[in-house]
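Take a look at the structure below.
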Amino acid sequence: MGSRVRVWLNRTYAENVFFMDQLRSNPHARPVDIHATHGDADSPVLAAADTADLEPDGLSPAAYVEYALDQCAKRSIDVFVPRLHQAVIAAHREEFAAVGTALLAPPAESIEVFEDKVTAYEAVQAFGVPVPPWFRVRTADELVAAVDELEADGHRACFKPAAGAGGVGFRVVTRAPFSLTHLSGFPSPYVQLDMVVDAVLAAEEPVDWLVMPRLEQPEVSVDCLTGPDGRVRMAVGRTKNGRRRGFTSHPSWIEPARLIAEKFALHYLTNIQFRMFGDEPVLMDVNTRPAGGLHQLALCGVNAPWAAVQLALGEDPGDVVPALLGQDYTVVSGTRPLRAVSAPVPHPRVEAEVVAGVVAEGVEVRALELGPVDAPACAPAVRKPSADRPLAV
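Under UniProt numbering, the first residue of the sequence shown carries the number 1, and numbering increases by one thereafter.
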């Protein structure tokens with residue numbers, strides 16, 4: 001058993017409660033303390049952490065870096081896994097190292113390449129990675145022209161923000177007129193082209209969208225672990241086809257993912273997503289952070305979060321190869337307790353102009369210092385991160 005490791009996750013998604021579980025259940029039985037911060041006091045990650053803070057709102061990226069440095073020094077953080085303001089934080093890697101904290105994130109330059117999907121597609125194409133046809137549109141005329149061209153080639157058009165994550169803003173274009181049919185059942189991602197055009201024309205600022213064919217399943221998310229030396233230690237594909245999930249090591253998915261991770265210095269944990277365009281796998285997206293479904297690799301006997309922390313600490317875990325690819329499975333919801341919130345206390349890191357603006361309205365600026373919580377004090381969570389169950393085959 002080695003020395004205790006202190007890990008911080010900032011404003012991350014609910015599924016990372018499983019990331020935290022895996023750190024604690026590491027194969028070396030090494031003690032791990034987890035600190036978490038979030039803007040939502042009801043985030044499950046706060047309850048899952050050993051210590052937690054509610055993050056101040058309104059900080060600029062530069063001020064957030066100061067807040068993060070303060071957290072790392074105050075909490076004696078060994079490894080920081082940033083999600084919010086990842087690129088800005090990564091640009092200050094040496095300052096974090098000076099307070100004893102290693103960043104589990106790629107270099108800032110690598111992150112910036114993949115913050116914009118058009119820049120990302122252009123960059124990976126230069127290395128021979130297949131990408132789908134795409135159009136960057138900012139006006140209604142450009143949107144209609146892109147949709148017309150894709151439909152003329154027999155494709156169904158879709159669009160999403162050129163910069164974004166998690167499928168936010170993704171829509172599929174239809175020319176069917178709006179009717180009661182669209183109001184039955186659950187909301188769908190389909191949106192009428194004429195309504196989109198009207199919305200773009202009425203907007204005060206231009207949009208910045210990527211228009212492309214709707215890609216087909218299976219979707220394969222390749223989780224990669226790459227060392228600071230640029231060598232890929234792990235590349236495992238997680239397949240999704242409807243409800244059915246599984247794993248793959250097929251070169252058609254793994255090799256382009258390894259190439260991207262190596263060529264663009266995507267150090268530590270990244271997630272590279274592919275779908276089918278006709279008979280060919282093409283790149284869909286690159287996430288320069290751990291995926292929400294990363295914990296599913298535990299079904300292959302892999303503890304990727306712990307291997308990444310080892311790399312960040314300067315300890316080489318070697319090649320991380322699945323012992324097995326496991327049976328197919330599906331994802332279902334489970335419950336998590338919420339943290340009982342203590343009395344709020346002032347936070348010194350809120351920017352002066354934010355304080356001035358809020359106090360002028362007669363509202364006290366506060367943040368919460370959240371301490372450890374006993375299990376009986378927690379109520380059942382309404383927000384449910386996913387857990388994994390095998391599918392009967």
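Here a beta-carbon is modelled for each residue, glycine too, at the ideal position from N, C-alpha and C.
query: Alpha carbon to alpha carbon, how far is Ala381 from Ala49?
result: Locating residue 381 in the sequence shown gives position 381, where the first residue counts as 1. Locating residue 49 in the sequence shown gives position 49, where the first residue counts as 1. Confidence at Ala381 is low in this model, with a pLDDT of 40, below 50, so its placement is unreliable and the value that follows should be read with caution. Roughly 15 Å separates the two Cα atoms.
query: Looking only at DSSP bridge pairs, what is Asp229 linked to?
result: Here residue 229 refers to the residue found at position 229 of the sequence shown. For Asp229, which the question treats as bridged, DSSP gives no partner whatsoever.
- prompt: CA-CA distance, Val129 and Leu283?
  reply: Taking the first residue of the sequence shown as position 1, residue 129 is located at position 129. Taking the first residue of the sequence shown as position 1, residue 283 is located at position 283. So the alpha carbons of these two residues sit roughly 7 Å apart.
field: Reduced DSSP secondary structure (H/G/I, E/B, other) of Asp116
entry: One-based indexing of the sequence shown puts residue 116 at position 116. Correct three-state label for Asp116: coil.
- request: Over the uninterrupted beta strand (DSSP E) stretch that includes Val5, give me the two end residues.
  value: In the sequence shown, the residue the question calls residue 5 occupies position 5. Note, Val5: beta strand (DSSP E), Val5 to Asn10.
task: Assuming Leu201 and Met276 form a contact by the criterion Cβ under 8 Å, report the distance between their Cβ atoms to the nearest whole angstrom.
output: In the sequence shown, residue 201 corresponds to position 201, counting from 1. In the sequence shown, residue 276 corresponds to position 276, counting from 1. Incorrect: roughly 34 Å between the Cβ atoms, too far for contact.
message: Just to confirm before moving on: does the CB-CB distance between Leu324 and Leu294 stay below 8 Å?
response: In the sequence shown, counting from the first residue as 1, residue 324 sits at position 324. In the sequence shown, counting from the first residue as 1, residue 294 sits at position 294. Cβ distance not < 8 Å, so Leu324 and Leu294 don't count as in contact.
query: Cα separation between Pro317 and Ala97?
result: As a first step, residue 317 must be located in the sequence shown, where it is residue number 317. As a first step, residue 97 must be located in the sequence shown, where it is residue number 97. Computed Cα separation, rounded: 21 Å.
task: Identify which residue in Phe127, Asp78 and Gly154 has its Cα closest to the Cα of Arg6.
output: Within the sequence shown, the letter at position 6 stands for residue 6. Nearest C-alpha to Arg6: Asp78.
- prompt: Does the Cβ-Cβ distance between Thr226 and Val232 come in under 8 Å?
  reply: Counting from 1 along the sequence shown, the entry for residue 226 is found at position 226. Counting from 1 along the sequence shown, the entry for residue 232 is found at position 232. Yes. Within cutoff.
message: Which residue marks the beginning of the beta strand (DSSP E) containing Val99, and which one marks its end?
response: The count along the sequence shown starts at 1 and reaches residue 99 at position 99. It is not in any beta strand (DSSP E) - Val99 carries neither H nor E in the DSSP assignment.
message: Considering only the alpha carbon of each residue, which of Cys72, Leu104, Glu66 and Leu46 lies closest to Leu311?
response: Position 311 of the sequence shown, counted from the start, is the residue given in the question as residue 311. It is Leu104 whose Cα lies nearest to the Cα of Leu311.
query: To which residues does DSSP link Thr248 through a beta bridge?
result: Sequence index remark: in the sequence shown, residue 248 carries index 248 (1-based). Per DSSP, Gly237.
query: In three-state DSSP terms, what is Asp223?
result: Residue numbering aside, residue 223 sits at position 223 when the sequence shown is read from its first letter. It is a strand residue.
message: Measuring alpha carbon to alpha carbon, tell me which residue in Asn10, Trp253, Val207 and Val118 is nearest Asp40.
response: By 1-based counting over the sequence shown, the position of residue 40 is 40. When only C-alpha atoms are compared, the closest one is Asn10.
field: 6 Å Cβ shell around Gly246 - same chain, five flanking residues per side excluded
entry: The count along the sequence shown starts at 1 and reaches residue 246 at position 246. For Gly246, where only same-chain residues beyond five positions count, the Cβ hits under 6 Å are Thr239 and Asp328.
- request: Name the residue from Val332, Val168, Cys300 and Leu313 whose alpha carbon lies nearest to the alpha carbon of Gly326.
  value: Here residue 326 refers to the residue found at position 326 of the sequence shown. Taking only the C-alpha atoms, the option nearest Gly326 is Cys300.
message: Does the segment 105 to 124 come into contact with the segment 87 to 94, if we say contact requires no fewer than three beta-carbon pairs (one atom in each stretch) closer than 8 Å?
response: yes
message: Does Pro31 pass the burial test, meaning 16 or more other C-beta atoms within 10 Å, or should it be called exposed?
response: Along the sequence shown, one-based indexing puts residue 31 at 31. When all chains shown are included, Pro31 counts as exposed.
query: Would DSSP call Leu370 helix, strand or coil?
result: Counted from its first residue, the sequence shown places residue 370 at position 370. Annotation note: pLDDT 45 at Leu370 (below 50); position unreliable, coordinate value reported separately. Strand.
- request: Would you decide whether Ser188 is buried or exposed? Buried here means 16 or more other CB atoms lie within 10 Å of its CB.
  value: Counted from its first residue, the sequence shown places residue 188 at position 188. With fewer than 16 other Cβ atoms within 10 Å, it is exposed.
- request: Measure the alpha-carbon distance for Asp116 versus Phe159 and round it to whole angstroms.
  value: If you number the sequence shown from 1, residue 116 lands on position 116. If you number the sequence shown from 1, residue 159 lands on position 159. Each residue's Cα considered, the two are about 14 Å apart.
query: Looking only at DSSP bridge pairs, what is Arg171 linked to?
result: Residue mapping note: residue 171 aligns to position 171 of the sequence shown, counting from 1. Its beta-bridge partners are Phe159.
query: In three-state terms, what does DSSP make of Tyr67?
result: Taking the sequence shown and counting its residues from 1, one reaches residue 67 at position 67. DSSP places Tyr67 in helix when its eight states are reduced to three.
field: Within 8 Å, strictly: CB atoms of Val222 and Trp253
entry: Mapped onto the sequence shown, residue 222 falls at position 222. Mapped onto the sequence shown, residue 253 falls at position 253. In this structure, Trp253 lies closer than 8 Å to Val222 by Cβ.
- request: In angstroms with no decimal places, state the Cα-to-Cα distance between Thr119 and Ala29.
  value: Along the sequence shown, one-based indexing puts residue 119 at 119. Along the sequence shown, one-based indexing puts residue 29 at 29. Rounded to the nearest angstrom, the two C-alpha atoms are 42 Å apart.
task: Keeping to the same chain, check which residues put their C-beta closer than 6 Å to that of Ser76; ignore five residues upstream and five downstream.
output: Indexing the sequence shown from 1 puts residue 76 at position 76. These residues qualify, in order along the chain: Arg6.
field: Anticipated Cβ contact below 8 Å, His38 with Thr51, distance rounded
entry: Looking up residue 38 in the sequence shown gives position 38. Looking up residue 51 in the sequence shown gives position 51. Not quite, the Cβ-Cβ distance comes to about 13 Å (not below 8 Å), so this is no contact.
message: Would Pro213 and Pro132 qualify as a contact pair, given that the criterion is a beta-carbon distance under 8 Å?
response: Here residue 213 refers to the residue found at position 213 of the sequence shown. Here residue 132 refers to the residue found at position 132 of the sequence shown. Yes. Within cutoff.
- request: Could you say which of Thr335, Val124 and Gly237 lies nearest to residue 468 if we only look at CA atoms?
  value: This structure cannot settle anything about residue 468, because the visible part of the chain is limited to 1 through 393.
- request: Buried or exposed for Glu361, please, with buried defined as at least 16 other CB atoms from any protein chain shown within 10 angstroms of its CB.
  value: Looking up residue 361 in the sequence shown gives position 361. Bear in mind that the predicted position of Glu361 carries a pLDDT of just 37, short of 50, making it unreliable; the figure below should be weighed with that in mind. Classification of Glu361: exposed, given that the 10 Å Cβ count is below 16.
Buried versus exposed, by CB contacts within 10 Å (16 or more), Met20: Walking along the sequence shown from the start, residue 20 turns up at place 20. Looking at its Cβ environment, which holds 16 or more other Cβ atoms inside 10 Å, Met20 is buried.
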